[in-house]
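Below is one structure, written out as structure tokens; comments come after it.
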Amino acid sequence: MARYRAQSGSRLFFVAIFLSGTSSIIYQLIWTRYLHHLFGVSVHAVATVLTCYMLGLVAGSLFFGRLADRLKRGHRLFLSLEASIGIYGACSPFLYTALADLNAWLASSFEMGGELRITVRIALSLLFLIIPTFLMGGTFPVMVKCHARMTAGIGKDMGSIYAVNTLGAAIGAFVTGFYLIQTIGLNQSVYMAAGLNLLVAGFLLIMRKQREEEDYKEVPLSRAQVNPPSSGSRRFVWFFGSAFAISGLTSLSYEVLWTRSLTYFFRDTVYDFALVLTVFLFGIVLGSYACSRLLHRIHRPVEAFGMVQVAIGLYSLVTLLIIHKLPYAINHLQTMSTLYMQYGDGYWLAGLFIKLGYTVLIVLIPTSLFGSTYPLIGKIFLQNADQVGKQVGLLNSLNTLGSAIGALLSGFVFVSLLGLHNSIKTLALLNCCIGFMLCVLVLPKKGRSRMKAVVAASFISVIVVAAVVPRWDHLRMSISFLEPDQALEQSVRLLYYNENSMDMVSVVEVVPYEQKFLTTNRLYTQNTSNMGQTEDHRRLGHIPLLLHPDPKNVLVVGLGAGMTLSGVGEQDVGRIDAVEISKNVVNAARLFEEENNGILDDPRVRIHIDDGRNFVRSTRDAYDVIISDIYFPMSSGSGSLYSTDYYRAVRERLAPDGLFVQWLPIHQLSFADMKMIIRSFREEFPNTSLWYGMIGDSAPVLGVMGMNHPLAVDYGQLDSRMKQPVLHERLQEMNLSTPSLLLSHFIMGSESVDELVCGYPVNTDNKPIIEYTAPRLHNRSYQTGLANISQFPDRTESVFPYLTNIRPEEAAQIQSHLTDHTEAKKSIIRALTPLVEGQWELSFGQINEAVQQYRDNEDLLYWQREIARRQ
């Protein structure tokens, strides 16, 4: 009976360890997202959150490891830790709300410059994270202490516990990334994690009652089992501890670098990050479990640890060759259209399994090797059961500290200075160096000199191999439209390429067509094609400013190639703030000076390198017009710029008569997702209207405009402004030369918007649905865009009821012009729709009929010429 109870208790203990790992990863993912909402996802903000998180884990591991050795019953401490974490977790959404209010008060009360802002971020992040991470850092050494027995298997136990705990984390990462956040939201996910902690505490309480009468007598392990030379010396201990810390450093560095490399080709969605993280953790599980099972056969663990490091380094060099081939292998994942044509309705799972295959190929083997280091380090160091907690706490804190430093260095130093390729190569050489040094350290005296020479020759060979690994082709890394066998020399030219901690940005020129493409993480941000892209983007800057009676202070969120900003600069405004999160994008935009009229050097323009959402929340300025330029809805983090929380922050930054326009790339959204975003916008702006932005066949754009007062356009004042000679000339270039042409972009007002979006959910910070639905869109962009925009001609209303300051004798003529131009706009959309099926003749015929009816419409004439040219 006692044996059965012991086995039952052991199983229950490992279930508790598993659930503890699951809850911990949920907290990490959710709390990090909380703070990114609060401080943004700029380089400094991410670094601050990560540093504070890791500091808590390190401190907790050291403190509770020592405390566990002084307590007779570690289960009580484990129980207390889990219960405390659960209670804090349950309270964390409310604490986050209070923290957000405090941050908003500080931002509104003080002018926070660079240093002060960083100090506040660190203080608030520590305030939020230090208690739970301190408690979480203590769980692992306490787990190992609780499971220590009167056997020589502490190293094996440490590896097994680490494997089970990490398995829980892997499952938690997958479930959170693929299901929890989009289904129940951030707060509810935290409550679930808190419930898991309390469930673990309940399991431990049951175990404590079962074993109340049992008293463990932990005895020292036999030193005969582990006998590395000078293992008792402080020099050996600190050298090997440093090696374990460096192993942690390289582990997290690889995770950052491999994740970055893979997501470039996987479209940088929330699913991609979750997939890579899950595989990374599963690899650690496999390695830790396998090594624990084989640990009794390993009699020279120091050499084994060293050879593991060498193997990690060598395989990391292999990953460079694999990534080098990715541009040739998986370009079709960039749009999903090829997958849909091959697999039909199963395209999503097919794409997921293809991504999984490449992730496993790159990540699984080295992470399995990393996982084996924990049981090995346990066998080397854990020699006295009386000090298991202290020893495990120290080792775990060293590894965690190394991981924190590695994540920071890889994200904010290595990539910026060396690039991804050279960063991975440098880490590989570091692993090999540490591995060979450990092997030399434990060489027997007999033949030591000869073996040192062999080791030195081996390391030199590794350096030679690393030197001959081919560099990545930056041109093919930048773009996805090239076929594997397509020649580059005469067709495509790389004008700019740079990698840093935020992104990979390039400017590519297609020489025969004199087109330039700006790409961010292999996604096309802007291009200068001969299909009106430059004029269309300038139009996106003009429309909002023309609809405001007197715009003086303007904010543009998102820079791209600067063409929308250029349109703003062509208006008579006093100050223009432009916010762009990527310094690389700002640098790349300078290569488009001809297209953006050198707007970055305009003295009225101030460029802010910051997270757009965080800038809006922290600025104390009020703006007459705020424009949110086009973002990729499927990209990780973009959902927060389509949320009610962001729209609320924007509304608070508007001047009393100000207006806000969000430009939506409807070629990247399903119609349902588009309506969800509009519904979210409508929640914060009672006065909402829809406007056409770009109605081309390749990338149509819809404008959602909100203001704090009912829509009213002063027609007389607008007509007078648009007749100013310089501005009129510029507007003619965009087919926007008269008030009627401008106002024909109107689609519908607030009441019709309500009818359009009735019953659709809202996208919020707590439940960022759009980030999870947009990446599943499989259609080609032009098909999706045309399908979406074709829904609006029959819904389009007259803008005439919203006009003021019209002389009675001109009212009929103005209304007639508005009707003609509105109908012409509808005709363009209806004529472009057949292009989905490739019916060029039908499209051209419909355009010609419309031109016969509305001869003075510049947009119709443009599309008549364009379709004739492209037939």
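The sequence shown: position 15 = 15 (UniProt numbering), numbered continuously.
C-beta atoms are modelled at their ideal positions from N, C-alpha and C, and glycine is treated no differently.
Own chain, CB closer than 7 Å to residue i, minus 5 neighbours either side, in chain order
| i | result |
| --- | --- |
| Phe178 | Tyr271 and Ala274 |
| residue 931 | Because the chain here runs from 1 to 871, residue 931 falls outside it and cannot be looked at. |
| Tyr524 | Phe517 |
| Asp602 | Gly569 |
| Val648 | Looking at the sequence shown, residue 648 is not Val but Arg. So the qualifying residues of the chain are Glu684. |
| Ile677 | Tyr642, Leu664, Asn763 and Ile770 |
| Gly612 | Val557, Gly558, Val579, Ile581 and Leu641 |
| Ala68 | Gly74, Leu77, Pro141, Val142, Lys145 and Gly389 |
Residues near residue i by beta carbon distance below 6 Å, same chain, minus five either side
| i | result |
| --- | --- |
| Thr278 | Ala170, Ala173 and Phe174 |
| Leu326 | Phe265 |
| Ser827 | Ala850 |
| Asn530 | Per-residue confidence for Asn530 stands at a pLDDT of 47, beneath the threshold of 50, marking its modelled position as unreliable; the derived number appears in the next sentence. Cβ neighbours of Asn530 beyond the five flanking positions: none. |
| Tyr772 | Gln182 |
| Pro544 | Val625, Ile627 and Val661 |
| Lys583 | Ile609 |
Proximity of residue i and residue j at Cβ, strictly below 9 Å
| i | j | result |
| --- | --- | --- |
| Leu129 | Tyr53 | yes |
| Phe792 | Ile747 | yes |
| Leu364 | Gly435 | no |
| Val508 | Leu559 | no |
| Gly371 | Gly248 | no |
| Gly168 | Gly21 | yes |
| Gly402 | Ile246 | yes |
| Leu731 | Ser737 | yes |
| Ser501 | Thr519 | no |
| Ser750 | Asn708 | no |
| Tyr496 | Leu591 | yes |
| Leu786 | Thr833 | yes |
| Ala329 | Tyr289 | no |
Span separating the alpha-carbon of residue i from that of residue j
| i | j | result |
| --- | --- | --- |
| Thr426 | Thr269 | 28 Å |
| Ile847 | Gln839 | 13 Å |
| Val454 | His296 | 28 Å |
| Val373 | Ile463 | Correcting the residue type first, residue 373 is Thr in the shown sequence and not Val. Looking at the two C-alpha atoms, the distance is approximately 24 Å. |
| Ser449 | Ala456 | 11 Å |
| Leu12 | Leu438 | 38 Å |
| Asp645 | Arg617 | 10 Å |
| Pro512 | Val492 | 8 Å |
| Leu186 | Asp765 | 8 Å |
| Val276 | Thr263 | 9 Å |
| Gly567 | His537 | 8 Å |
| Ser222 | Leu382 | Residue confidence for Ser222 is low, a pLDDT of 42 falling below 50, so the modelled location carries little weight and cannot support an answer. |
| Phe18 | Leu555 | 49 Å |
| Gly541 | Ala774 | 25 Å |
| Pro220 | Gln387 | Low per-residue confidence applies at Pro220: pLDDT is 47, beneath 50, and the placement is therefore not dependable, though the value from the model is reported in the following sentence. One C-alpha to the other measures close to 9 Å. |
| Ser628 | Phe414 | 32 Å |
| Ser638 | Phe134 | 31 Å |
| Leu180 | Gly56 | 26 Å |
| Ser10 | Gly65 | 21 Å |
| Val510 | Asp345 | 34 Å |
| Ile460 | Leu418 | 21 Å |
| Ala466 | Asp473 | 17 Å |
| Asn857 | Asn735 | 8 Å |
| Ser816 | Tyr854 | 12 Å |
| Ile323 | Leu314 | 15 Å |
Close beta carbons around residue i, own chain, < 8 Å, minus the five adjacent residues each side
| i | result |
| --- | --- |
| Arg653 | Leu555, Val616, Thr619, Asp621, Ala622, Tyr623 and Ile626 |
| Val713 | Leu547, Leu743, Val799, Tyr802, Leu803 and Thr804 |
| Leu205 | Leu79 |
| Asp550 | Asp624 |
| Thr151 | For Thr151, the pLDDT reaches just 48, beneath the cut-off of 50, and the residue's location in the model is therefore unreliable, although a value from the coordinates is still provided. So the list is empty, once near-sequence residues are dropped. |
| Leu99 | Leu38, Leu124, Leu127 and Phe128 |
Residue i CB to nearest heavy atom of the ligand NAP below 8 Å
| i | result |
| --- | --- |
| Gly639 | The ligand NAP is absent from the structure shown, which contains no ligands of any kind. |
The stretch 48 to 65 / the stretch 141 to 148 touching (three or more Cβ pairs under 8 Å): Contact holds: three or more Cβ-Cβ distances are below 8 Å.
Sequence ranges, alpha helix (DSSP H) only - wholly within the stretch 82 to 132, length at least 4: Segments of the alpha helix (DSSP H) lying fully in the stretch 82 to 132: there are none.
Those runs of the beta strand (DSSP E) which lie wholly inside the stretch 797 to 851 and span at least 3 residues: With a minimum length of 3 residues, no continuous beta strand (DSSP E) run stays inside the stretch 797 to 851.
Completely contained alpha helix (DSSP H) runs for the stretch 651 to 703, where each covers 4 or more residues: Entirely contained in the stretch 651 to 703, the alpha helix (DSSP H) runs reaching 4 residues are, in chain order, 671 to 684.
Residue ranges of each alpha helix (DSSP H) within the stretch 719 to 744, 4 or longer: Here the runs fully enclosed are 725 to 732 and 739 to 743.
Sufficient close CB pairs (3 or more, under 8 Å) joining the stretch 26 to 37 to the stretch 350 to 369: Touching, no.
Sequence ranges, alpha helix (DSSP H) only - wholly within the stretch 563 to 620, length at least 4: With a minimum length of 4 residues, the continuous alpha helix (DSSP H) runs that stay inside the stretch 563 to 620 are 563 to 569, 583 to 589, 593 to 596 and 612 to 618.
Complete runs of the beta strand (DSSP E) confined to the stretch 741 to 768 [at least 3 residues]: Those beta strand (DSSP E) runs which fall completely within the stretch 741 to 768 and span 3+ residues are 746 to 748.
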